[in-house]
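>
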Amino acid sequence: MGLIKKVTTWSYDELIDYVSVNPTRDEVTHYKVDPQNEADDSIMKMHTVKDFGSITCLDFSDFEVGLVAVGEKGGYVRLFNIMMADNPEYESIDMRARAKQQRCVNTLGVNSNGLVAMGLDRNRNDPSLQIWDINYQNTSSSIVNPSFSYCPNENIVSSKFLNETGIIVSSTKFLKEIDIRAPQPIYQHPTRLSYDIKLNPFNEYQFSTYGDDGTLAIWDKRKIAGSAASTELKVAEPLLVFEKLVGIGAASKKYMNSCFRWSTVRNREFATLHRGDMIKRWWLDSCGSKEEDGDDVEGLFVSRVRDINTTFDRVLTFDYIPQHNYQTSLLCMRQSGTVYRMPVTQSYTKTSFNNYNSLMLSNCEVPDMDEIRITSGNQKSNVENVNKSMRRLSFEDLDLENDYLPNTEESDEDRGSLEVTDDEENSYLGMNNYSILWKPENLLEKDISVIIKARAMLGYGLDPMATVQMIDGSKTLQNNTYIRNTWRWIAIAKAAVDDGTMVSGDLDLGYEGIIGIWDGLRGISNQNRLREGRILNDKHLEKEIEKIIKLRRKHKQGLGTKSGFSRFADSPKLTQRKLCLVISGWDLSASDFEEKYQNIIKTGNYEKAAAWAVFFGDIPKAVEILSSAKKEKLNLIATAVAGYMAYKDQPGNNSWRQQCRKMSAELEDPYLRVIFAFIADDDWWDILYEPAISLRERLGVALRFLNDIDLSRFLERTSSAVIKSGELEGLILTGITPSGIDLLQSYVDKTSDVQTAALISLFGCPRYFKDKRVDEWVQTYRSMLNSWGLFAMRSKFDCLRTKLSETSNGEIRAEVKPRQMYVQCMNCKENISKTNSSLYNNNKFTGGSNGSLHMTKKYGMTNTPSPLERQNRKHSCPHCGTPFPRCVICLLSLGTSNLPFVINGADQQPQDQVQEPDNEHDEDEEQIDRGNENYQGKKLRLNEWFSFCLSCNHGMHAGHAEEWFEKHNVCPAPGCSCQCSK
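Using the working numbering, read the sequence shown as starting at 769 and increasing by one per residue.
#1: Comparing C-alpha positions only, which one of Tyr-1108, Arg-1441 and Pro-1506 sits nearest to Gly-1281?
#2: Would you check if the distance between the CB atom of Asn-1131 and the CB atom of Thr-1117 is smaller than 7 Å?
#3: Per DSSP, what kind of secondary structure is Ala-1397 in: helix, strand or coil?
#4: Per the contact definition of three or more C-beta pairs closer than 8 Å, is the stretch 788 to 808 in contact with the stretch 819 to 836?
#5: Judging by CA-CA distance, which residue of Ile-1316, Gly-1105 and Cys-1645 is the nearest neighbour of Val-1265?
#6: Is Arg-1036 buried or exposed, if buried means 16 or more other CB atoms sit within 10 Å of its CB?
#7: With DSSP run on the structure shown, which of helix, strand or coil describes Phe-1384?
#8: Using only alpha-carbon positions, find the residue among Arg-1082, Leu-783, Thr-1650 and Glu-832 that is nearest to Asp-809.
#9: According to DSSP, simplified to helix, strand and coil, what is Trp-1051?
#10: Which residues in the same chain have their Cβ closer than 7 Å to the Cβ of Ala-1390, if we skip the five residues on either side of it in sequence?
#11: Per DSSP, what kind of secondary structure is Tyr-1365 in: helix, strand or coil?
#12: Could you tell me the alpha carbon to alpha carbon distance between Glu-1178 and Asn-1248, rounded to whole angstroms?
#13: Let me confirm a value: Ser-779 is counted as buried when at least 16 other C-beta atoms fall within 10 Å, else exposed. Which label applies?
#14: With contact counted as at least three CB pairs below 8 Å, one residue from each stretch, are the stretch 923 to 932 and the stretch 962 to 977 in contact?
#15: Compare the Cα-Cα distances from Val-1134 to each of Thr-1096, Glu-1363 and Asn-891 and report the closest residue.
#16: Between the alpha carbons of Val-836 and Phe-848, how many angstroms are there, rounded?
#17: Quick one: grab the DSSP three-state call for Asp-1753.
#18: Taking the C-alpha atoms as reference points, what is the distance between Asp-1449 and Asp-1386?
#19: Leaving aside the five residues before and after Val-1670 along the sequence, list all residues of the same chain whose C-beta is less than 7 Å from its C-beta, in chain order.
#20: DSSP three-state label for Met-1431, please.
#21: For the stretch 1250 to 1264 against the stretch 1587 to 1602, are there 3 or more C-beta pairs whose distance is under 8 Å?
#22: Between which two residues does the beta strand (DSSP E) holding Met-814 run?
#23: Buried or exposed for Asp-1668, please, with buried defined as at least 16 other CB atoms from any protein chain shown within 10 angstroms of its CB.
#24: Using a threshold of 7 Å, state whether the C-beta atoms of Glu-1011 and Thr-983 are closer than that.
#25: Taking buried to mean at least 16 other C-beta atoms within 10 Å of its own C-beta, is Cys-1055 buried or exposed?
#26: Between Leu-1440, Gly-1498 and Ala-1433, which has its C-alpha nearest Lys-1401's C-alpha?
#27: Does the beta-carbon of Ile-1258 have 16 or more other beta-carbons within 10 angstroms, so that it is buried, or is it exposed?
#28: Counting C-beta neighbours from all protein chains within 10 Å, is the total for Gly-1723 16 or more, i.e. buried, or is it exposed?
#29: So Lys-773 is in the beta strand (DSSP E); what residue range does that whole segment cover?
#30: Could you give the uninterrupted runs of the alpha helix (DSSP H) lying entirely in the stretch 1456 to 1526, keeping only those of 4 residues or more?
#31: Between Asp-1543, Met-1110 and Ala-1445, which has its C-alpha nearest Met-1046's C-alpha?
#32: Quickly, what does DSSP pair Met-1046 with across the bridge? List them, please.
#33: Apply the 10 Å Cβ neighbour rule to Tyr-1515 and answer buried if 16 or more other Cβ atoms are within range, or exposed otherwise.
#34: Using three-state DSSP, classify Gln-1547 as helix, strand or coil.
#35: May I ask you to report which of helix, strand or coil DSSP gives Ser-1715?
#36: Just how far apart, CA to CA, sit Asp-981 and Leu-1129?
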């Protein structure tokens, strides 16, 4: 079998020496390898020595450059200098010797002192381990003169010098460590795992062996020696045992070199060869020593294993090629004797994302780390710049712009370049395969955490209608239609809650879904929707719902139509059905129908307009709409649909109905499919089972035409389906209720969009119910905002949660976070924002220094405080009565409201710099004016706040401080030299 051994001490340049034996075992070759050059010419064949008789073992000297010892099956040992053997001009050692009793040489070892250890087969009259000195060997005799002899009548199979005097040897039964200065072994351990001793180059105590069945063992000399010295009957065990790792029958192939190598690059690493086409790299780790063992021997375990397929098959042996920076490649020998090098591709073992979704990649094999950094531009929030027309929406406007399609046109910079190797092949790739070709940076930019951060910077979710506009106007966000339509429904539901049209005297149905209203008391039993202390029965609930319907009709005149409910006049759930139609946006009058048709036709979607006419039960109108289209195909379809008038009263099957069923299965447009499916069988379930039709449209059909039993069954099935699939638009069905939280949980599981789930859930939790999942989403989102440094958005999020938790009775059900900063009175050290109730209730101050503020009793009556005294209380500490400090600029007390002048501050824009409106865009003018007004108002209020210098303790209004320190560096207080602004 072939053999390759790396020599680390022969060369002083950057090249590495290797000594090999070819697979036919008749020649020895010396190679030099350039470790940094991965090309084939980096392997240089230097010297070759031939004409050996079946080589069985080989070793070399670490100190004598080029000295090689070769053992042969015939019993001879040949020592020669391989660098000079093929050059007769140089004198070099070339010696052949054998044992007195000639027999096969199984193992050889050469140490730094010139000693050669020769392991032989068993013989009764001649020891099997003979150690002799090259320097004193008689060159005229072929029989060695051993200096030391050990192991009589044993079969020595492996040996390895530890140092100048120590050697580890193994027979087929024992493992021994011998000090040549002593006649007896240091220890003798019985084991059959004794073949091919290999020392760990990084640990002088560890070595490996294997057994006849291929079982590999890793030993520690200290553990074996300690067991041998112990008086207890305790047999030492290997540190690690790998069953049948190097192949069954490995030891029976006497002259095979086991395919095991310790790494010379990294400690606790070794590699093994399997089947001639795969090399496994094993990494070990330490688990420390057990205290009860009483020794310092570390325990080992396998931390990871990596499989490497060889470049070529039929590999017999290999060795490491160490490179710079702890990298490595492999030198392999094939069965044909060909030697080649195989690069080892380094793989990442550790990955970590930071809060900005940049990816840090680490490889345990090298000290360097790589980073894929994601950067994004700053974007400003547009929460306050919402069209007034958008804020006046009602449930009946849910279909407005319902066919919104996000702007997917992106520049090459937005999309990133694609790594495509074959242009022709790329032209046949579908969109599913297209995504795998993105660069890592582009993939990370599309990650949900990056999208969440971009949304948060724009104020996503803080105002539902502003969120809709933000999604419409942004190219970089995840502009999914279902997200936009969901926020649109929430915006309309919020408007209904704000104007009080979803709240009656004892019942609050804000953000309730269709199925909750339809189920009545059972649907709202797990929520706090009743006034505290009130208990409703079914009759009371029906009355409260009627009040809500009347409130909505009063708020928006002309809503509703009674003609559509004549068939359900005797239904006990007629009131619930009406309110469900209101919430779904389908409570429309005849004039509203026509308006809807015209709005849809303006977009060119005649198919949808005709389908809506069918949904409203107006087949002639559907025919009229299709006939008005300019497409010849739609005109022909209108003719086919018109046949419904002639065949609707004819029972049984006919050719017209069959053709309609066929077209309902073959047409591509979903609206045309449902039209033909309905007119063929006059069955509304054909529409309800069409998944291409939006959920809201199917709900409208079900609420208008299904009886109570069928409607209940449809709502239950549909709600279960949308909850299971996490369909966000299903919130119109479940509402922001416990069932809606189940839907949001499925949505989070599918998309990891915890931001949307947290923001949507705020509208119902904890105002109407409490759920631990919502608390988890809220805390996760708050942590994300804090990690990005978006503290202002986090504060707005907290304020929104508190505001939305307020019930119709004014009760706040969210846990309000306490203030983190207070203004403290310099006299009594109390918080001036907290009023001392006892001080005012008793109508006296307890520690004030201002005598005019004391209220005393005269003639047995309490003095009523004058208006001046009441005004002074606003400008003094509520605990001790100490007046607030005065502004050193205007000399008015800080905290004074309704100042006789305006504090503009340093960066206040003059009125003549405000952007002039454009007469062509009225809505844009309103947005700009409103944005400027909001900014100006906030800025002016901020300019009146307290401002103190922590060095000199002088106070000013914040705006006065800005104005002063824009032109000065020294405190404005007379006699004060403090540079407050530095």
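Just so you know, even glycine gets a beta-carbon here, dropped at the ideal spot from N, CA and C.
In terms of the structure at hand:
#1: The residue you call residue 1281 lines up with position 513 of the sequence shown. Checked all of Tyr-1108, Arg-1441 and Pro-1506; the closest Cα to Gly-1281 is Pro-1506.
#2: Locating residue 1131 in the sequence shown gives position 363, counting from the first residue. Locating residue 1117 in the sequence shown gives position 349, counting from the first residue. Result yes, Cβ atoms of Asn-1131 and Thr-1117 sit closer than 7 Å.
#3: Residue mapping note: residue 1397 aligns to position 629 of the sequence shown, counting from 1. In the structure shown, Ala-1397 adopts coil according to DSSP, grouped into three states.
#4: Yes, the stretch 819 to 836 touches the stretch 788 to 808.
#5: Looking up residue 1265 in the sequence shown gives position 497. Check the Cα spacing between Val-1265 and each of Ile-1316, Gly-1105 and Cys-1645: the tightest is with Ile-1316.
#6: Translated into positions along the sequence shown, residue 1036 becomes position 268. The residue in question, Arg-1036, is buried, as its Cβ has 16 or more Cβ neighbours within 10 Å.
#7: Mapped onto the sequence shown, residue 1384 falls at position 616. DSSP places Phe-1384 in the coil class of the three-state scheme, outside both helix and strand.
#8: Numbered from its first residue, the sequence shown carries residue 809 at position 41. Residue Leu-783 is the option with its Cα nearest to Asp-809.
#9: Taking the sequence shown and counting its residues from 1, one reaches residue 1051 at position 283. Strand, per DSSP.
#10: Working through the sequence shown from its first residue, we reach residue 1390 at position 622. Contacts found: Ala-1378, Ala-1381, Val-1382, Val-1409 and Ile-1443.
#11: If you number the sequence shown from 1, residue 1365 lands on position 597. Reduced to three states, the DSSP call for Tyr-1365 is helix.
#12: Mapped onto the sequence shown, residue 1178 falls at position 410. Mapped onto the sequence shown, residue 1248 falls at position 480. Confidence at Glu-1178 is low in this model, with a pLDDT of 41, below 50, so the placement of that residue is unreliable and no value is reported for it.
#13: Taking the sequence shown and counting its residues from 1, the one referred to as residue 779 is at position 11. If you draw a 10 Å sphere on the C-beta of Ser-779, you find fewer than 16 other C-beta atoms in it, and that means exposed.
#14: Output reads yes: the stretch 962 to 977 touches the stretch 923 to 932.
#15: As a working mapping, residue 1134 is identified with position 366 in the sequence shown. For the set Thr-1096, Glu-1363 and Asn-891, the Cα lying nearest the Cα of Val-1134 is the one of Thr-1096.
#16: The residue you call residue 836 lines up with position 68 of the sequence shown. The residue you call residue 848 lines up with position 80 of the sequence shown. One C-alpha to the other measures close to 6 Å.
#17: Examination of residue 1753 is not possible in this model, given that the chain is present from 769 through 1750 alone.
#18: What you label residue 1449 is simply residue 681 of the sequence shown in a count that begins at 1. What you label residue 1386 is simply residue 618 of the sequence shown in a count that begins at 1. Put simply, the backbone Cα of Asp-1449 is about 16 Å away from that of Asp-1386.
#19: Here residue 1670 refers to the residue found at position 902 when the sequence shown is read from its first residue. Residues of the same chain with a CB within less than 7 Å of the CB of Val-1670, apart from the 5 flanking positions on each side, are Leu-1708 in chain order.
#20: In the sequence shown, the residue the question calls residue 1431 occupies position 663. In the structure shown, Met-1431 sits in a helix (DSSP, three-state: H, G or I).
#21: Result no; under three Cβ-Cβ pairs closer than 8 Å.
#22: Counting from 1 along the sequence shown, the entry for residue 814 is found at position 46. Note, Met-814: beta strand (DSSP E), 811 to 817.
#23: Walking along the sequence shown from the start, residue 1668 turns up at place 900. In the sequence on display, residue 1668 carries Pro and not Asp. The residue in question, Pro-1668, is exposed, as its Cβ has fewer than 16 Cβ neighbours within 10 Å.
#24: As a position in the sequence shown, residue 1011 is number 243, starting the count at 1. As a position in the sequence shown, residue 983 is number 215, starting the count at 1. Thr-983 is positioned such that its CB atom lies closer than 7 Å to that of Glu-1011.
#25: As a working note, residue 1055 is residue 287 in the sequence shown. Exposed, because fewer than 16 other Cβ atoms sit within 10 Å of the Cβ of Cys-1055.
#26: Mapped onto the sequence shown, residue 1401 falls at position 633. Ranking Leu-1440, Gly-1498 and Ala-1433 by Cα distance to Lys-1401 puts Leu-1440 first.
#27: Along the sequence shown, one-based indexing puts residue 1258 at 490. By the beta-carbon neighbour count (other beta carbons within 10 angstroms, threshold 16), Ile-1258 is buried.
#28: Numbered from its first residue, the sequence shown carries residue 1723 at position 955. Around the beta carbon of Gly-1723, 16 or more other beta carbons sit within 10 angstroms, so the residue counts as buried.
#29: On the sequence shown, position 5 is the one that residue 773 refers to. For Lys-773, the enclosing beta strand (DSSP E) starts and ends at 771 to 775.
#30: Within the stretch 1456 to 1526, the runs of alpha helix (DSSP H) at least 4 residues long that lie entirely inside it are, in chain order, 1463 to 1473, 1476 to 1493, 1499 to 1502 and 1506 to 1519.
#31: Taking the sequence shown and counting its residues from 1, the one referred to as residue 1046 is at position 278. Nearest in C-alpha terms to Met-1046, of all of Asp-1543, Met-1110 and Ala-1445, is Met-1110.
#32: On the sequence shown, residue 1046 is found 278 positions in, with the first residue counted as 1. Partner(s): His-1042 and Asn-1077.
#33: Walking along the sequence shown from the start, residue 1515 turns up at place 747. Buried is the call here.
#34: Residue 1547 sits at position 779 when you count from the first residue of the sequence shown. Three-state result, Gln-1547: helix.
#35: As a first step, residue 1715 must be located in the sequence shown, where it is residue number 947. Ser-1715 carries a strand assignment under DSSP once its states are collapsed to helix, strand and coil.
#36: What you label residue 981 is simply residue 213 of the sequence shown in a count that begins at 1. What you label residue 1129 is simply residue 361 of the sequence shown in a count that begins at 1. Asp-981 and Leu-1129: Cα-Cα distance of roughly 41 Å.
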